[in-house]
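Have a look at the structure below, then the notes.
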Amino acid sequence: FLGLEGFRIGNRTMSFASAARSLVRRAGTSVPAAKVPVRNMSSGHSIEEEIAHMDTWRQVTYVVVPACCAFGAYILSQSHHHDTGEKPKYSWMRMRNKAYPWGPCGLFELKGCPEAEG
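124 is the number that the working numbering gives the last residue of the sequence shown; the numbers go up by one with no jumps.
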């Protein structure tokens, strides 16, 4: 609650009566309306420049998309080596300090688990 003695604005103490007088005085003056800037959606170029720019990117797309598809098909058609060799048995992998509730092997470990194979 502010009380009847007044309130502080910055370093000054202002009474309610003087604050009301100040507001009435300010209400009589007209405040200039803020000018709303116009937002250019196309960065201010002419429509002809925008159409030319759009056509340029359309032509680039017609060249690049088939080139990327052809390159991807070429890469996928090349034979690549799959490593099917035995992986080294590291001492820190597949450490079993506690039995699983579903059995001795991991939940998705069907290959490589001696208990599941035999």
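A virtual CB, placed ideally from N, CA and C, is assigned to each residue, including glycine.
- A distance of 9 angstroms or more separates the beta carbons of R100 and G109.
- Across the structure, W98 and T90 are spaced so that their CA atoms are roughly 22 angstroms apart.
- Apart from sequence neighbours up to five positions away, the residues of its chain that approach R102 with a beta-carbon distance below 8 angstroms are P110, ordered along the chain.
- H51 and H59 have their C-alpha atoms roughly 10 angstroms apart.
- Where F77 is concerned, the enclosing alpha helix (DSSP H) starts and stops at I53 to S83.
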